[in-house]
Amino acid sequence: MDRLLRLRNNTPRQSTKPRRGSPSGSSTRRGVAALVGIGSLALAGCSAGQGQSDDDVITVVTTTATYADVVEQVAGDRIGSGVEVIPVIDSPTQDPHSYEATPQDKLTVRDADLVVLNGGGYDAFMEDLAAETDAPVVDAVEVSGLEEATDSAGGHGDEHDDEHADEHSEEHSDEHGASSGHDHGSFNEHVWYDLDAMGSLAGAVAEELGALDAEHAEVYTGTADEFRGSAEELHHRVTELELSGDYLATEPVADYLLEDAGLHNVTPTAFTVAVEDGTDASPLVYDEVRQMIAGDDGADLALLAYNEQTATGQSDDLRAEAEGVDLPVLAYSESIPDDQDYLSWMSENVDHLERTLGKSTAPTDNSAPTEASGS
497 MDRLLRLRNN TPRQSTKPRR GSPSGSSTRR GVAALVGIGS LALAGCSAGQ
547 GQSDDDVITV VTTTATYADV VEQVAGDRIG SGVEVIPVID SPTQDPHSYE
597 ATPQDKLTVR DADLVVLNGG GYDAFMEDLA AETDAPVVDA VEVSGLEEAT
647 DSAGGHGDEH DDEHADEHSE EHSDEHGASS GHDHGSFNEH VWYDLDAMGS
697 LAGAVAEELG ALDAEHAEVY TGTADEFRGS AEELHHRVTE LELSGDYLAT
747 EPVADYLLED AGLHNVTPTA FTVAVEDGTD ASPLVYDEVR QMIAGDDGAD
797 LALLAYNEQT ATGQSDDLRA EAEGVDLPVL AYSESIPDDQ DYLSWMSENV
847 DHLERTLGKS TAPTDNSAPT EASGS
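Heads up: the sequence shown begins at 497 in the working numbering, then just goes up one per residue.
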């Protein structure tokens with residue numbers, strides 16, 4: 497079917513950034529101690545200077561490569577000279593929900609100068625590790641204010657608590673107060689698909705980096721402002737689509753983006769819960785979703801949102817059934833592709849949404865290949 501649009505496949509991101517506390521660094525420090533012990537002050541002095549240089553590097557540890565990229569955008573030219581970023585999970589095949597921290601992960605977080613995590617239960621292992629360190633922690637869910645909007649049962653009139661949020665953030669939280677999985681009575685923790693939330697996150701990261709490195713605080717603030725501005729422009733593109741209609745989702749990862757575009761998630765709660773728990777939906781629930789795709793129950797769907805990164809037998813079957821009735825299928829990924837940054841990834845998601853539903857708010861790039869299922 498020519499209406500199935502795929503985002504490019506993900507491959508594990510290969511991090512080239514050195515980890516603090518590497519074996520070579522440890523042996524150097526042991527060598528310095530030995531030289532000091534035998535009175536070799538000259539060499540000890542040189543080694544002490546080298547150690548000071550290591551201490552000058554701010555180590556930021558993030559849960560995933562997606563958050564590592566946002567931090568790198570804020571750090572700008574300081575990456576490689578004053579800031580290093582280490583994602584604990586650097587592979588799209590790892591699910592933060594079920595990830596178990598290794599001893600090395602614990603050491604990495606312990607030695608961090610700043611920790612950036614998703615929160616909201618998405619990366620509970622990281623929340624546990626962060627609780628054991630004295631380093632400041634930036635929690636994307638807390639910064640977004642979206643969870644509070646959910647708890648307010650509609651969110652209208654609620655204040656956006658994040659001090660870094662822009663002037664539109666309260667309105668944005670209100671918009672999601674009764675949606676983005678909120679109809680299911682629970683909070684949707686996939687906040688990186690919310691462009692305003694990531695703009696606020698960039699501001700929070702800049703503030704913490706500035707506190708750790710006052711000399712370059714204005715640099716971090718400037719790059720964060722640029723990031724936020726680009727995110728706001730992209731968010732404006734999304735809202736200008738002014739779409740309407742319902743959609744089903746194999747997993748509620750992209751809900752914030754789709755609902756900002758005007759769509760509404762009608763996926764049965766029991767199906768979403770099963771997916772989030774890593775199990776198949778019951779035959780009764782699965783059949784309900786199949787009937788919605790077929791239109792047997794009167795459902796008039798705009799599309800099926802398909803997470804190709806965590807495909808299961810049931811989700812693949814649902815995609816095939818959607819193709820069979822010419823229901824548009826929007827394929828997306830849960831984590832950032834290796835060859836893109838956060839903003840280009842989200843821009844591509846918007847491009848694919850526009851093409852899927854045949855409505856665009858931006859000039860079509862005829863040079864960009866579109867992958868679709870043949871029909």
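Ideal placement from N, C-alpha and C gives every residue a C-beta, glycine not left out.
- Here residue 583 carries a strand assignment [DSSP, helix/strand/coil].
- Measuring C-alpha to C-alpha distances from residue 849 to each of 776, 816, 740, 777 identifies 740 as the nearest.
- Take residue 788, set aside five residues on each side of it, and the residues of its chain with a beta-carbon closer than 7 Å to its own are 744, 795, 797, in chain order.
- In its chain, beyond the 5 residues on either side, 716 have a beta carbon closer than 6 Å to the beta carbon of residue 705.
- Counting along the chain, residue 845 sits inside the alpha helix (DSSP H) bounded by residues 838-853.
- The distance from the Cβ of residue 608 to that of residue 631 is about 5 Å, consistent with a contact at the 8 Å cut-off.
- If you ignore the 5 residues before and after residue 581, its C-beta comes within less than 6 Å of the C-beta of 556, 564, 567, 568, all in its own chain and listed in chain order.
- Distance between residue 852 and residue 738, taken at the CA atoms: about 14 Å.
- Residue pairing by DSSP puts residue 554 in a beta bridge opposite 579.
- In this structure, DSSP gives residue 593 a state outside helix and strand, which the three-state scheme calls coil.
- For residue 828, the enclosing beta strand (DSSP E) starts and ends at 825-828.
- With a 10 Å radius around the Cβ and a threshold of 16 neighbouring Cβ atoms, residue 600 comes out exposed.
- Cα atoms of residue 806 and residue 823: separation of roughly 21 Å, rounded to the nearest angstrom.
- Per DSSP, residue 795 lies in no alpha helix (DSSP H) and is assigned neither H nor E.
- When secondary structure is reduced to three states using DSSP, residue 802 falls in the strand class.
- Apart from the 5 residues on each side of it in sequence, residue 708 sits with its Cβ closer than 7 Å to the Cβ of 554, 609, 610 in its chain, given in chain order.
- According to the DSSP assignment, residue 701 belongs to the alpha helix (DSSP H) that extends over 691-708.
- In the pairwise beta carbon analysis, the segment 581-594 is classified as not touching the segment 719-733: fewer than three pairs are separated by under 8 Å.
- With respect to the 7 Å criterion, residue 781 and residue 767 are classified as neighbours on the basis of their beta carbons.
- In chain order, 789, 800, 825 place their CB closer than 7 Å to the CB of residue 818, counting only its own chain and leaving out the 5 sequence neighbours on each side.
- With distances taken between CA atoms, residue 774 lies nearest to 747 out of 762, 840, 747.
- Beta-bridge analysis with DSSP links residue 635 to 613.
- Residue state for residue 744 is assigned as strand, using DSSP reduced to three classes.
- The C-alpha of residue 770 is placed about 39 Å away from the C-alpha of residue 571.
- Residue 633 is positioned such that its CB atom lies no closer than 7 Å to that of residue 700.
- In this structure, residue 777 lies away from residue 802, with their beta-carbon atoms at least 7 Å apart.
- Selection 559, 834, 711 evaluated against residue 613 yields 559 as nearest (Cα-Cα).
- The Cβ atoms of residue 684 and residue 751 lie closer than 7 Å to each other.
- The three-state secondary structure of residue 763, taken from DSSP, is coil.
- Per the coordinates, the alpha-carbon of residue 832 lies some 26 Å from the alpha-carbon of residue 644.
- Residue state for residue 559 is assigned as strand, using DSSP reduced to three classes.
- For residue 691 and residue 698, the gap between their C-alpha atoms comes out near 11 Å.
- Taking 7 Å as the cut-off, the beta carbon of residue 734 is found closer than this to the beta carbon of residue 757.
- In this structure, residue 762 sits near residue 742, with a CB-CB distance shorter than 7 Å.
- Residue state for residue 784 is assigned as helix, using DSSP reduced to three classes.
- The three-state reading of DSSP puts residue 818 in helix, counting H, G and I together.
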